[in-house]
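So the number in this note's numbering is just where the residue sits in the sequence shown, counting from 1, plus 1.
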Amino acid sequence: MNPYILAILLFGLGLGTTITFASSHWLLAWMGLEMNTLAIIPLMAQHHHPRAVEATTKYFLTQATAAAMLLFASVTNAWLSGQWDIQQMTHPLPTTIITLALALKIGLAPVHAWLPEVLQGLDLTVGLILSTWQKLAPFALILQINPTNSTILIILGLTSTLIGGWGGLNQTQLRKILAYSSIAHLGWMILVLQFSPSLTLLTLLTYFVMTFSTFLVFKLNKATTINTLASSWTKAPILTSLTPLILLSLGGLPPLTGFMPKWLILQELAKQDLALTATVAALSALLSLYFYLRLSYAMTLTMSPNNLSGTTPWRLSSSQSTLPLAISTAMAICLLPLAPAATALLTP
Numbered sequence: 002m003n004p005y006i007l008a009i010l011l012f013g014l015g016l017g018t019t020i021t022f023a024s025s026h027w028l029l030a031w032m033g034l035e036m037n038t039l040a041i042i043p044l045m046a047q048h049h050h051p052r053a054v055e056a057t058t059k060y061f062l063t064q065a066t067a068a069a070m071l072l073f074a075s076v077t078n079a080w081l082s083g084q085w086d087i088q089q090m091t092h093p094l095p096t097t098i099i100t101l102a103l104a105l106k107i108g109l110a111p112v113h114a115w116l117p118e119v120l121q122g123l124d125l126t127v128g129l130i131l132s133t134w135q136k137l138a139p140f141a142l143i144l145q146i147n148p149t150n151s152t153i154l155i156i157l158g159l160t161s162t163l164i165g166g167w168g169g170l171n172q173t174q175l176r177k178i179l180a181y182s183s184i185a186h187l188g189w190m191i192l193v194l195q196f197s198p199s200l201t202l203l204t205l206l207t208y209f210v211m212t213f214s215t216f217l218v219f220k221l222n223k224a225t226t227i228n229t230l231a232s233s234w235t236k237a238p239i240l241t242s243l244t245p246l247i248l249l250s251l252g253g254l255p256p257l258t259g260f261m262p263k264w265l266i267l268q269e270l271a272k273q274d275l276a277l278t279a280t281v282a283a284l285s286a287l288l289s290l291y292f293y294l295r296l297s298y299a300m301t302l303t304m305s306p307n308n309l310s311g312t313t314p315w316r317l318s319s320s321q322s323t324l325p326l327a328i329s330t331a332m333a334i335c336l337l338p339l340a341p342a343a344t345a346l347l348t349p
């Protein structure tokens, strides 16, 4: 892609998110979300591959549906209350519709079906943008409206953690596994949103660090299936030995970074007398942990199969910059000791 066009599209992505962050009026927020969607579409379709075009079309249709729902709900809110302000959502009906529209935008279960399909059709770089940056603007809106209907949030959160765990069990495609992992992590964030918004933000940031690291590892190995992971030890042996730690951090095992948000969320849910919800969430984390362990096993404990589908690739040195990967890997593994500082910041 022409670097000038790429620069304009990335600027559009940044501007769309910034407009949504800065807006207090529903129309401006909607405009920011639309700019975001329109800027990423050429990036998604840049390879002119049938799968990429299909994924782009699916993404466009779901995002357009969510944006239309959001616009409809904000107009309804203005009609019922005379307010266009994002933080003045008083009526339960538009608040619920907007919550569902934003859930569709970020891919929360039960409106998650587009996310694995779309991510599977994209290359790893655009997939990374979709899994991280594209979640920021809708999340900013969810945090601002602070939905009053607590039941819907808990239902969205629990179904997301469960479906994110179940869906990834049977997958062999890494991008689909990462999509289900994303759904499960978003479920954890939504569960605790109404009790501690700052904890949701902390979870989002740690999820970004771990996902960034995982995508970069797969990109360095040019891996898209579990089969290709098995030959990664020939290319980057040290990275191959560190990758299971990143994956187990995504799964939430101590003493890794990913344990911190899960531990704090379970503690917060227990404080709010939601012991059953906390138990279901913790058990669903075991499902996710299984497929992270499966990836770790494929990378470190199996040899590359000697059939045509798993032929050993040429050991060419990658042109990818390894500094971002080194920083994000260190952060994905070593940040748990900062948990006391994080809790001190979270307590109002």
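Note that CB positions come from ideal geometry on N, CA and C, so glycine has one too.
Excluding residues up to 5 positions away in sequence, T160 lie with their Cβ nearer than 6 Å to the Cβ of P111 in the same chain. Residue environment: R176 is assigned as buried (16 or more neighbouring CB atoms within 10 Å of its CB, all protein chains considered). Between the stretch 87-94 and the stretch 2-10 there are fewer than three C-beta pairs closer than 8 Å, too few to call the two in contact. DSSP, reduced to helix, strand and coil, places H50 outside both helices and strands of the structure shown, so it counts as coil. Not a single unbroken stretch of the beta strand (DSSP E) spanning 3 or more residues falls wholly within the stretch 115-156.
For S183, the enclosing alpha helix (DSSP H) has its first and last residue at L175 to V193. Cβ neighbours of L123 within its own chain (closer than 8 Å, five residues either side excluded): M45, A53, A56, L131 and R176.
With respect to the 9 Å criterion, L194 and G158 are classified as neighbours on the basis of their beta carbons. Remark: C-beta atoms of L179 and L120 approach each other more closely than 9 Å.
By the criterion of a C-beta distance shorter than 7 Å, I155 is surrounded in its chain by L192 and T278, once the five residues flanking it on both sides are discounted.
DSSP lists H26 as the bridge partner or partners of D86. In the structure shown, T58 adopts helical secondary structure according to DSSP, grouped into three states. CA-to-CA, the gap between N78 and T344 works out to about 36 Å. Following the DSSP letters along the chain, one finds N228 inside the alpha helix (DSSP H) bounded by residues I227 to L230.
The Cβ atoms of I184 and T100 lie no closer than 9 Å to each other. For M2, no alpha helix (DSSP H) segment is defined, and its DSSP state is neither H nor E. Between L265 and G259 the beta-carbon gap is near 12 Å, outside 8 Å, which marks them as no contact. Here the C-alpha atom of P341 lies approximately 10 Å from the C-alpha atom of M261. With a cut-off of 8 Å on Cβ pairs, the stretch 137-146 is not in contact with the stretch 219-237, counting fewer than three such pairs. For F213, the number of other beta carbons within 10 angstroms of its own is at least 16, and it is reported as buried.
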